[in-house]
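Take a look at the structure set out below.
Structure below.
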């Protein structure tokens with residue numbers, strides 16, 4: 030273990046970076062690509078963009094816990110290889126589609142192969158000596174975060190320099206390269222469980238069995254869904270909103286990519302500061318501050334006419350989200366038995382995917398009914414409702 034854990038870490042870090050990019054790079058040009066595949070009205074385009082973006086996350090929500098169970102039976106490296114290869118093939122095919130529903134189908138299949146991140150994380154956790162565990166988990170986490178940051182920027186840049194279709198081919202090639210590195214360089218000391226599980230048992234299990242405070246875990250997962258819903262409402266329509274603010278002139282895909290990346294960039298830069306605030310003042314006060322600040326920063330986005338102001342507010346939303354996401358994950362970890370930590374984070378990934386689905390669909394519908402500004406007003410309302418629900422339903426949170 031001591032010999033190969035560092036090599037495993039950096040190879041898998043690269044894989045999670047590329048996988049994060051593959052899922053997020055479509056944000057700047059998704060609606061533009063959908064528009065190329067058919068003649069749609071503004072309202073139809075908003076809704077279809079939401080459907081295309083949500084398609085992959087529907088499957089992620091269902092399969093995340095199941096992938097974890099498969100990995101326990103057959104090894105994490107095998108799951109990383111299968112899912113990265115599947116993602117590479119699916120992404121390459123997206124560059125060949127001729128209509129919107131083919132794109133929806135491939136986005137759905139892409140969601141089925143979304144096991145790279147949790148299985149890479151689990152593999153690193155299992156193969157790293159305990160004295161280096163904190164360092165290794167910190168590194169592997171930055172891979173996916175970095176990928177989601179770089180993805181929109183790279184996607185917008187490549188789409189402008191080459192074309193949207195070529196962007197899919199380039200990212201597919203990068204995933205294949207990551208697959209090859211993992212196959213050749215990652216070592217896993219895996220021992221299959223002695224007790225064989227039937228295939229049926231993988232799909233027939235109580236998700237929260239074994240947790241002592243089920244209600245607390247449930248409300249943390251609900252909060253993850255709500256926060257993720259708010260974050261993802263803008264993604265399907267980001268390029269359309271930017272196009273409106275820029276009056277259809279200038280480098281729209283690059284600017285849309287930058288706007289989409291700003292919240293993640295802010296989260297990356299401010300998460301350590303919020304961590305210190307959490308340690309000093311407790312999880313409850315950190316969560317309350319995060320929810321209130323997010324609501325304050327979301328509301329004016331529905332009223333602006335300047336692309337610069339939008340960028341500033343999106344960055345500030347990222348700072349406030351950095352108070353919410355890690356705090357919820359920390360609370361979930363604290364409330365989970367050691368034997369259930371993997372399942373807890375798989376459920377959290379499912380909750381994030383459900384939020385991504387809801388946000389993508391709701392964003393398209395609301396922008397069609399009330400315009401782009403209505404999306405941000407909606408976000409403000411659901412965040413404040415979430416905070417009130419936590420105050421009402423989870424009173425023990427004040428002790429954290």
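Residue numbers (our numbering): 30 to 429. Beta carbons: idealized from backbone N, C-alpha and C, even for Gly. Since we're looking at a predicted model, the values are computed, not measured.
According to the DSSP assignment, residue 310 belongs to the alpha helix (DSSP H) that extends over 281-310. Residue 68 sits in coil when the DSSP states are folded into three classes, being neither helix nor strand. Take the alpha-carbon of residue 275 and the one of residue 290: they are about 18 Å apart. By the 16-neighbour rule on beta-carbons within 10 angstroms, residue 319 is buried. Sequence-distant partners of residue 198 (beyond 5 residues in either direction) whose C-beta falls short of 7 Å from its own C-beta, in its chain, are 121 and 124. When the alpha-carbon of residue 376 is set against those of 252, 209 and 109, the nearest one is in 252. Distance between residue 336 and residue 271, taken at the CA atoms: about 7 Å. Between residue 269 and residue 75, the gap from beta carbon to beta carbon is short of 8 Å.
Assignment of alpha helix (DSSP H) within the stretch 72-147, counting only whole runs of 4 or more residues, yields 105-123 and 129-141 in chain order. Taking C-beta atoms as the reference points, residue 411 and residue 302 fail to come closer than 8 Å. Here residue 283 is buried: its Cβ has 16 or more other Cβ atoms, across all protein chains shown, within 10 Å.
Assigned with DSSP and collapsed to three states, residue 36 falls in helix.
Counting only the Cα atoms, residue 43 lies some 21 Å from residue 295. Shown here, residue 216 sits in coil according to DSSP, grouped into three states, outside any helix or strand. Comparing alpha carbon positions, the residue from 91, 111, 315 and 146 closest to residue 48 is 146. Note on geometry: alpha-carbon atoms of residue 366 and residue 78 lie some 40 Å from one another.
Under the 8 Å Cβ criterion, the stretch 206-214 counts as touching the stretch 92-112, having at least three qualifying pairs. The Cβ atoms of residue 352 and residue 409 do not sit closer than 8 Å to each other.
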